[in-house]
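Below is one structure, written out as structure tokens; the observations come after it.
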Amino acid sequence: MSKKNYAGIPEKYARIDEAKVVLIPVPYDGTSTWQKGADKGPDAFLNASENMELYDIETKTEVYKKGIYLAPPVTEDSSPEKMVEAVYKITKNYIKQEKFVTLFGGEHSVSIGSIRAFNEAFEDLTVVQLDAHADLRPEYEGSKCNHACALHEASKTTNLLQVGIRSMDISEKDHMDENQVYFAHDLYEDWQEDAIGQMTPNVFITIDLDAFDPSIMPSTGTPEPGGLFWYETLEFLKMMFKKKNVVGFDIVELCPNDRDKSSDFLAAKLYYKMLSYKFKYQNFNEEDEDE
Numbered sequence: 000m001s002k003k004n005y006a007g008i009p010e011k012y013a014r015i016d017e018a019k020v021v022l023i024p025v026p027y028d029g030t031s032t033w034q035k036g037a038d039k040g041p042d043a044f045l046n047a048s049e050n051m052e053l054y055d056i057e058t059k060t061e062v063y064k065k066g067i068y069l070a071p072p073v074t075e076d077s078s079p080e081k082m083v084e085a086v087y088k089i090t091k092n093y094i095k096q097e098k099f100v101t102l103f104g105g106e107h108s109v110s111i112g113s114i115r116a117f118n119e120a121f122e123d124l125t126v127v128q129l130d131a132h133a134d135l136r137p138e139y140e141g142s143k144c145n146h147a148c149a150l151h152e153a154s155k156t157t158n159l160l161q162v163g164i165r166s167m168d169i170s171e172k173d174h175m176d177e178n179q180v181y182f183a184h185d186l187y188e189d190w191q192e193d194a195i196g197q198m199t200p201n202v203f204i205t206i207d208l209d210a211f212d213p214s215i216m217p218s219t220g221t222p223e224p225g226g227l228f229w230y231e232t233l234e235f236l237k238m239m240f241k242k243k244n245v246v247g248f249d250i251v252e253l254c255p256n257d258r259d260k261s262s263d264f265l266a267a268k269l270y271y272k273m274l275s276y277k278f279k280y281q282n283f284n285e286e287d288e289d290e
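Under numbering that gives the first Met the number 0, the first residue of the sequence shown carries the number 0, and numbering increases by one thereafter.
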């Protein structure tokens with residue numbers, strides 16, 4: 000990955016000493032089992048971000064002015080376990096610097112490390128997983144850090160809430176609390192309020208982009224029909240940022256397609272929307288956003 004500022008923002012908003020936000024790219028694709036290419040996701044996301052308007056109409060903000068530091072990518076790929084450990088250590092280091100830490104993968108196994116760091120840093124953590132797949136296997140293909148195991152540790156150590164699930168192995172039922180799962184086929188008009196009510200005050204969000212319906216997000220390694228759509232997802236995210244303390248988030252599983260950049264751009268807009276909600280709706284001890 001070439002070093003450049005996130006979204007091409009001016010240098011004064013991209014320095015670590017001034018930035019409120021840290022963005023950690025993790026170009027890792029060591030355990031995916033179908034379509035390869037998630038390691039190219041961070042670059043595609045950053046390239047799309049450079050072509051995005053930086054004024055958010057909905058929140059009437061330019062959140063990049065809070066400062067977004069693009070950290071060096073996590074390049075450890077000698078094993079899934081070593082990658083997870085590297086993500087954990089780097090994430091925790093930036094949390095200790097009191098930054099709002101975000102990550103962009105890479106496959107979903109990177110979230111094992113990020114969730115571990117946030118769970119140690121914040122009490123009584125809820126992890127909200129938007130995903131097509133349960134990812135609850137305790138081990139897969141000889142590793143506990145496989146992408147199919149991405150949320151297993153979180154299911155044991157955090158308050159895990161799963162949204163959009165529509166694909167799983169029967170063995171995963173043994174590790175699933177179905178009272179905390181909003182299956183895609185069961186989503187109804189007021190499900191968001193019910194989900195919010197099951198969350199603790201501190202929330203970490205992990206978004207596997209295959210949570211979205213492949214009609215709007217085809218560029219993932221394992222697309223599944225029947226997924227979430229743009230505005231219902233934004234409505235849910237906005238509710239979380241309004242009602243809970245979202246302490247960080249990651250976005251994973253962009254598998255770029257050279258013939259269609261729309262998925263890259265959706266990922267870029269999603270990331271920026273989440274930052275816009277964070278600084279619009281949560282007290283960050285900052286001056287008014289419309290400064």
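Glycine included, every Cβ here is placed at the ideal spot set by N, Cα and C.
Quiz item: Any idea which residues DSSP pairs S166 with across the strands?
Solution: H132
Quiz item: What's the call for Q161, buried or exposed, on a 16-neighbour Cβ count within 10 Å?
Solution: buried
Exercise. Report yes or no: do three or more beta-carbon pairs, one from the segment 137 to 157 and one from the segment 180 to 197, lie closer than 8 Å?
Key: no
Quiz item: For the alpha helix (DSSP H) that contains N118, what are its first and last residues?
Solution: V109 to A120
Quiz prompt | Pairwise C-alpha distance: E61 and D173 | solution = 45 Å
Quiz item: Do I250 and L269 come within 8 Å of each other at the CB atom, strictly closer than that value?
Solution: yes
Self-check item: Cross-strand partners of T292 (DSSP beta bridge)
Solution: Any question about residue 292 goes unanswered here, given that the chain covers just 0 to 290.
Self-check item: With 16 other Cβ atoms within 10 Å as the buried cut-off, status of Y187
Solution: exposed
Quiz item: Out of A153, F248, H132 and L53, which has the shortest C-alpha to C-alpha gap to G220?
Solution: H132
Practice problem: Check L208 in the structure and name its three-state DSSP category. | Solution: helix
Quiz item: Within this structure, are the beta carbons of P222 and D209 separated by less than 8 Å?
Solution: yes
Quiz item: According to the Cβ coordinates, are V25 and V86 closer than 8 Å?
Solution: yes
Quiz item: Expressed to the nearest angstrom, what Euclidean distance is found between the alpha-carbon atoms of Y12 and A149?
Solution: 33 Å
Practice problem: Leaving aside the five residues before and after L236 along the sequence, list all residues of the same chain whose C-beta is less than 8 Å from its C-beta, in chain order. | Solution: I204, K272, M273 and Y276
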